[in-house]
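Student: Supplied in structure tokens, the structure appears directly below.
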Amino acid sequence: MTTRGTGSRNEADRVTLNAIAASLDAMIGSGASSKAAGVSGADLRRDFGLVHKFLTAYDIGQPGLVDADEFDRLVAQYT
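Using our numbering, you'd call the opening residue of the sequence shown number 2 and step up by one each time.
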């Protein structure tokens with residue numbers, strides 16, 4: 002597991018995660034969007050939880066807890 006770096010990148014990562022969370026929330030709420038995106042509802046809910054776990058890591062000042070590979074996957078899939 003590689004982790005996210007610290008420093009000025011944290012705020013940009015937080016903004017990105019908040020945008021992904023909003024997108025996932027909308028997809029979960031609509032139901033139909035998940036099928037159009039080719040992602041199951043279970044995967045959307047898992048990713049939504051993962052995004053919030055990462056946001057919590059930033060909130061408590063522990064950006065090193067964020068898995069860089071998972072972060073990059075979320076960015077690639079939902080932005």
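No residue lacks a Cβ here, since even glycine has one placed at the ideal position from N, Cα and C.
A quick note: this is a predicted structure, and the numbers were derived from the prediction, not measured.
Count the other CB atoms within 10 Å of the CB of D26; is the residue buried (16 or more) or exposed (fewer)?
Tutor: Label assigned to D26: exposed.
Student: Between L75 and L45, which are expected to be in contact by the criterion C-beta below 8 Å, what is the C-beta distance as a whole number of angstroms?
Tutor: With a Cβ gap of about 11 Å, L75 and L45 do not count as contacting.
Student: Among A13, N19 and R10, whose alpha-carbon lies nearest the alpha-carbon of Y79?
Tutor: Closest by alpha carbon: N19.
Student: Could you check the C-alpha separation between G42 and G30 for me, to the nearest Å?
Tutor: So the alpha carbons of these two residues sit roughly 10 Å apart.
Student: Please classify D73: is it buried, with 16 or more other beta-carbons within 10 angstroms of its beta-carbon, or exposed?
Tutor: Counting Cβ neighbours within 10 Å, D73 comes out exposed, since fewer than 16 surround it.
Student: Taking only runs of the beta strand (DSSP E) that begin and end inside the region 17-62, which ones reach a length of at least 3 residues, in chain order?
Tutor: For the region 17-62, not a single whole beta strand (DSSP E) run of length 3 or above is found.
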